[in-house]
Every structure is written in structure tokens, then in C-alpha cells.
Amino acid sequence: MNPSSIGIIKSTAPLIKEKGFEITMRMYEIAFSERPEYRRFFVNTWMSAPEAAKSQAERLASAIYLYAANIDNLGKLDGPVQHIAKAHVATNIVAENYVVIGECLIAAIKDVLGDTATPEVLAAWTEAYFNLADIFISVEKDLYKKEDEGLFDIKKAYVG
Ligand code: HEM
141 MNPSSIGIIK STAPLIKEKG FEITMRMYEI AFSERPEYRR FFVNTWMSAP EAAKSQAERL
201 ASAIYLYAAN IDNLGKLDGP VQHIAKAHVA TNIVAENYVV IGECLIAAIK DVLGDTATPE
261 VLAAWTEAYF NLADIFISVE KDLYKKEDEG LFDIKKAYVG
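Under the numbering used here, think of the first position of the sequence shown as 141, with each following residue one higher.
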């Protein structure tokens, strides 16, 4: 990632922590209004019960903050990335879905942060999101491949 983007991510991390839940709730609102069929991916959360949906927004907000706080030390994220990737494989998420969710997340950051979300801040978060998305896409491709080869069973590896 561009060093100036890393600086922006680190300096906006506390704000993202403070407003994280509001941002992710807004993100799901935008996503489900633009792509109502995306709700169906969230079998254990949005399709299940309001409390579970809220918990999903909280988990996503925590994950985004954890990423921002460790943007210059990504090795620390290996454990959480493996866990989240299994949640994604269990719900059949593929690379294309990251583009849709990324656009909704940036729109939500813009809505919630208002004037603080300058073009530079939004550009840095867009770069950071797609950097993280690439990490997930690669780990998930590997899990799908292992599953196809009979070396891995997501039903045993992840219980929603
Ligand atoms: C960088 C981007 C993303 C991050 C940081 C992220 C983070 C998370 C986290 C923290 C969880 C909860 C895992 C658990 O506690 O078991 C999760 C689950 C999930 N995520 Fe993501 N996610 C991302 C992208 C996506 C995308 C693009 C989709 C596509 C729709 C998606 C759909 C889901 C679904 C369906 C679940 C499981 C919810 C359920 O079982 O109801 N995520 N994600």
C-alpha cells in the first residue's frame, strides 16, 4: 500500500473505532437496498434474528478496526483472517462480492463521517479495503480448492 494511505488509515483508525457500528449498519442498509439478494448470504445473521444481525455489524466493525490498527503489521491478522475466511466459504462468498461490499462500505464511511471523509480519506480507505479483500479472496480461493480436492470440509471447519 501507498505509505501516505497507510498514514491516513492509522490516523483515522480511532474515528473508525468510535463510529464503526454506525458505519457497518449503514453499509448493510446500502448493500441490501441496492442488492436485496445479498441478504441471503447472511443465513446465520441478517436472515436469522435482529440480535444476530446487530452482532454481525459489530463483528465487521471490530474486524475493520483491527485491520486499520495493524495496517503496517498484517502478520498479526493471520488468525482472524483464517476464521473470517471460513465464515465466507461457509456462505459461498466469491471475489466479485467484494467489489459490491467495498463500494457500499466506502459510501457508508462517507455518509457517517460527513466532511471528515475527505477525498483523500476515502481514497485511502478504498485502497485499504481492496488490499484486505485481496487477502481474503486468496485465502478463500485456497479453501474452495482444498474442498474441491476433498482435503477440507467447511461444515466441520466452521459452525456459523
Ligand atoms: C474486507 C472485507 C470483509 C471483512 C473484514 C469481513 C468480516 C467478517 C466477519 C468479522 C465476519 C464474522 C465471522 C465470525 O465471527 O464467524 C464475517 C462473516 C460473514 N461475511 Fe464478511 N467480511 C468482509 C467481506 C465480506 C463480503 C464481500 C461479503 C459478501 C456478501 C461478506 C459476507 C459475509 C457473510 C455472509 C458472513 C457470515 C454471516 C452469516 O453466517 O450469517 N463478507 N465477515
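Ideal placement from N, C-alpha and C gives every residue a C-beta, glycine not left out.
Tell me which residues share the same chain as residue i and place their Cβ nearer than 6 Å to its Cβ, disregarding the 5 neighbours each side in the sequence.
i, result
"D255", "none"
"Q196", "T185"
"V252", "K159, E162, I163, R166"
"V234", "none"
"I156", "Y205, A208"
"I86", "The shown model of the chain, from 141 to 300, leaves out residue 86, and the question about it has no answer."
Nearer than 7 Å: is that true of the beta carbon of residue i relative to any heavy atom of the ligand HEM?
i, result
"R199", "yes"
"V183", "yes"
"Q196", "yes"
"F276", "yes"
"T231", "yes"
"A273", "yes"
"G300", "yes"
"N237", "yes"
"A247", "no"
"Y178", "yes"
"N284", "Note on identity: in this sequence residue 284 is Tyr, with Asn being the wrong assignment. Every heavy atom of the ligand HEM is 7 Å or more from the Cβ of Y284, so no."
"I156", "no"
"I224", "yes"
"A203", "yes"
"A227", "yes"
Starting from residue i, follow the alpha helix (DSSP H) in both directions and report where the run begins and ends.
i, result
"M187", "Careful: M187 lies outside any alpha helix (DSSP H) and carries neither H nor E."
"Y269", "259-288"
"F161", "143-174"
"Y238", "235-253"
"I224", "218-230"
"I211", "Element bounds for I211: n/a, residue is neither H nor E."
Rounded to whole angstroms, how far is the Cβ of residue i from the Cβ of residue j, which I believe are closer than 8 Å?
i, j, result
"S145", "A264", "4 Å"
"Y205", "G160", "6 Å"
"A153", "A209", "5 Å"
"C244", "A171", "4 Å"
Near residue i, which residues of its chain fall below 8 Å by C-beta distance, leaving aside the five closest residues on each side in sequence?
i, result
"K250", "A257, L262"
"K281", "A235"
"I294", "K226, V229, A230, L283, E287"
Identify, in the order they occur along the chain, each residue of the same chain with its Cβ nearer than 7 Å to the Cβ of residue i, setting aside the five sequence neighbours on each side.
i, result
"Y207", "L217, L272"
"I275", "V221"
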